[in-house]
Amino acid sequence: MHRLNSFLSGTWSPGEGDGAILVDPSTEAGIATASTRGLDLGGALEWARETGGPALRALSFAERGAALKALSGAIHEHREELIEIGMTNAGNTRGDAKFDIDGATATLAAYAHFAKGLPDGPLLPDGEGLQLGRSPRFHGQHVWAPRRGVAVHINAFNFPAWGMLEKAACAWLAGLPVLEKPATATAMMAERIAHIIVDSGILPEGAFSFMAGSAGDLLDHVHAHDCVAFTGSSGTAQLLRAHAAFVKRGARLNVEADSLNSVVVGPDVDDDSEAFDVFVRDTAREMTQKAGQKCTATRRVIVPEGLADAACEALAVAVQAVKVGAPREDGVRMGPLTNADQLETVQAGLSRLAGATTTVTGGAERLRDPGFFLAPTLLRAAEARTPELHDEEIFGPVSTVMTYSGSVDDAAQIVRLGGGALVASIYSDDRRFPVDLASTLAADCGRLYLSGTRLAEHGTGSGLVLPNCVHGGPGRAGGGEELGGLRGLQFYMQRTAIQGYKSVVEAAFGAR
Ligand code: NAP
């Protein structure tokens, strides 16, 4: 079986022992192993801090941006090979694998573009200068400086390419070395990309490290200046939040976690309108793309009472048209869940909801054996305020239709039962409804996607994370924030107020 390697302190190493087994979720056959046992993780972080940090900080923003552009190209050259890995190790359809890989290279290219126009010096000015005393001679300027630590990136299994490179793009442009720790279950894609990055020689020595296998004692070696960006379940996030690296040593932690994203259909939408068709098209895609294993996938579909039958019927027809099977079979548009754990967790979630919902289509039955296949599953809730509907994310191809009165307040209250989300979408052609609901929900979601007839041919749908908009959400979603153009660099930088004699401060640090 193929053995994945870690790249630490400038050396590739397989780790010790048998390691975890990675499988092909379509066949359940073991395809690779990964272990970090016996690896010196503390030494690896120190090497990154001491070698990669100074080397990256010696480059200008423009030079770091050029490196991102070159990396995007180098990875894109291996696109076909990476698609094959996504099909084998993650059960991705070709389209799902492309979504992950192209998302990764496009985000690198976008950050290369954002780097243009940044100053030549090592610091980023933050806003305008300030007069600090009665005399204008006493002047202040806020600046951002790269932190002198490592960007430690712990990623989820569902986007091994995109998750890795969207975080890395921000950290490298800010001037920090990266240590990437992908989820073990789908680490084949990340490991292949790690080889491409190292072999390309584009980054300075120490700027990139990679772990294949469990986190081990990694966090015990995280120092005050390090920045840990985590994406994964809220259970793991809870463990991390309590760790001494953050509680005692004061390292930074950004959390991207679960989210019960919702779609709200406005009271103006009829089942024979174009807005209704756009809602059905987008929601069916969000349920089935990557077998629903997307942090932005739609979990709750909130429709006016009079529209529930039509919504259930149209969504059922749309998802039943999605052929489920192994990614290389003809016509397949949805692959299996990623591994046995994911299948069991989704099945357990469905049985938790059984008392509160009826099944419109699909269900918890495995479609074939071997393979972790489930049908896209649409549920209908008897009562929208039932707590189980809003308590736990089911990370698979599952959504629940529930009803509201048609008022902004009622819709907002139901959305809020999810306790904070990455994204909520509103489908309406009304002039007031989307504006009022978006204003009401602005603090409850990291992103609000307003759609309807006019956006039908122009919008991406709510599931696409764009590099120039922030990704993250309050509460259950982790409270973190990533991307958002140059905002994404701030997590990796220290904001400092420089005070002094005006001409000195302006000459050295002023905004240009
Ligand atoms: P997970 O089980 O929480 O694992 C996430 C990462 O944490 C993996 O790399 C895992 O490594 C690592 N990890 C586990 N225990 C750890 C520990 N004690 N210390 C340090 N690292 C540890 O999540 P998952 O199953 O991979 O991903 C699915 C979840 O991610 C879903 O809940 C989904 O909503 C969420 N997600 C959120 C976003 C977002 O942007 N908000 C995006 C994607 C996914 P191993 O794999 O080696 O155990």
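Position one of the sequence shown corresponds to residue 977 (our numbering), numbered consecutively onward.
Quick reminder that beta carbons are idealized off the backbone N, C-alpha and C, glycines included.
Within the present structure, is the beta-carbon of residue i separated from the nearest heavy atom of the ligand NAP by less than 6 Å?
{"i": "F1371", "result": "yes"}
{"i": "D1234", "result": "yes"}
{"i": "G1439", "result": "no"}
{"i": "F1133", "result": "yes"}
{"i": "G1208", "result": "yes"}
{"i": "T1212", "result": "yes"}
{"i": "S982", "result": "no"}
{"i": "T1160", "result": "yes"}
{"i": "C1203", "result": "no"}
{"i": "I1130", "result": "yes"}
{"i": "C1271", "result": "yes"}
{"i": "A1191", "result": "yes"}
{"i": "L1492", "result": "In the structure as shown, the chain begins at 977 and stops at 1488. Residue 1492 is therefore absent and cannot be evaluated."}
Leaving out the 5 sequence neighbours to the left and right, which residues in its chain are closer than 8 Å to residue i when beta-carbon positions are compared?
{"i": "R1492", "result": "Any property of residue 1492 remains undetermined from this structure, which presents the chain solely from 977 to 1488."}
{"i": "R1040", "result": "L1032, A1091, W1148, L1149, G1151"}
{"i": "R1168", "result": "H1054, E1057, L1058, I1061"}
{"i": "I1474", "result": "G1116, Q1117, H1118, V1119, V1481, A1484, F1485"}
{"i": "T1333", "result": "L1355, R1356, A1357, A1358, L1365, T1376"}
{"i": "A1082", "result": "S1048, P1443"}
Expressed to the nearest angstrom, what Euclidean distance is found between the alpha-carbon atoms of residue i and residue j?
{"i": "G1307", "j": "A1351", "result": "15 Å"}
{"i": "L1355", "j": "E1320", "result": "18 Å"}
{"i": "N1230", "j": "P1373", "result": "27 Å"}
{"i": "G1347", "j": "K1266", "result": "15 Å"}
{"i": "G1437", "j": "D1317", "result": "29 Å"}
{"i": "W1138", "j": "T1362", "result": "35 Å"}
{"i": "R1113", "j": "A1088", "result": "37 Å"}
{"i": "N1315", "j": "F1349", "result": "10 Å"}
{"i": "D1412", "j": "L1431", "result": "18 Å"}
{"i": "G1331", "j": "I1370", "result": "15 Å"}
{"i": "V999", "j": "Q1323", "result": "19 Å"}
{"i": "Q1466", "j": "W1120", "result": "7 Å"}
{"i": "A1357", "j": "C1146", "result": "41 Å"}
{"i": "A1034", "j": "G1486", "result": "20 Å"}
{"i": "A1163", "j": "R1407", "result": "46 Å"}
{"i": "R1423", "j": "V1384", "result": "18 Å"}
{"i": "H1366", "j": "A1387", "result": "14 Å"}
{"i": "H1197", "j": "A1221", "result": "8 Å"}
{"i": "L1044", "j": "N1131", "result": "20 Å"}
From which residue to which residue does the alpha helix (DSSP H) around residue i run?
{"i": "P1410", "result": "1409-1417"}
{"i": "S1327", "result": "1316-1329"}
{"i": "I1402", "result": "I1402 -> not in any alpha helix (DSSP H); beta strand (DSSP E) instead, spanning 1397-1403."}
{"i": "A1284", "result": "1284-1296"}
{"i": "A1088", "result": "1070-1091"}
Assign residue i to one of two classes, buried (16 or more other C-beta atoms within 10 Å of its C-beta) or exposed (fewer than that).
{"i": "D994", "result": "exposed"}
{"i": "K1224", "result": "exposed"}
{"i": "G1211", "result": "exposed"}
{"i": "C1445", "result": "exposed"}
{"i": "Y1477", "result": "exposed"}
{"i": "V1377", "result": "buried"}
{"i": "S1294", "result": "In the sequence under discussion, the amino acid at residue 1294 is Ala, which differs from the Ser named in the question. Its Cβ being crowded by 16 or more others within 10 Å, A1294 is buried."}
{"i": "D1345", "result": "exposed"}
Tell me which residues share the same chain as residue i and place their Cβ nearer than 7 Å to its Cβ, disregarding the 5 neighbours each side in the sequence.
{"i": "S989", "result": "N981, S982, L1015"}
{"i": "M1175", "result": "Looking at the sequence shown, residue 1175 is not Met but Asp. Correct list: empty, nothing qualifies."}
{"i": "H1199", "result": "G1125, R1225, A1227"}
So with Cβ pairs under 7 Å, would you call residue i a contact of chain B?
{"i": "V1231", "result": "Protein chain content of the structure displayed is limited to a single chain, and chain B is not contained in it."}
Excluding sequence positions up to five away, which residues of its chain have a Cβ less than 6 Å from the Cβ of residue i?
{"i": "P1243", "result": "P1280, G1382"}
{"i": "S1002", "result": "G1067, A1302, P1312, G1347"}
{"i": "A1273", "result": "E1262"}
{"i": "L1047", "result": "L1084, I1178"}
{"i": "P1450", "result": "G1396"}
{"i": "G1338", "result": "A1351, P1352, T1353"}
{"i": "F1184", "result": "V1154, I1173"}
What are the boundary residues of the beta strand (DSSP E) that includes residue i?
{"i": "P1101", "result": "1100-1107"}
{"i": "C1271", "result": "No beta strand (DSSP E) holds C1271; DSSP gives it neither H nor E."}
{"i": "T1421", "result": "What sits at residue 1421 in the sequence shown is Cys, not Thr. That run of the beta strand (DSSP E) goes 1421-1427."}
{"i": "Q1117", "result": "1114-1122"}
{"i": "N1230", "result": "1228-1232"}
{"i": "I1173", "result": "Not the beta strand (DSSP E): I1173 falls in the alpha helix (DSSP H), residues 1163-1176."}
{"i": "F1184", "result": "1184-1186"}
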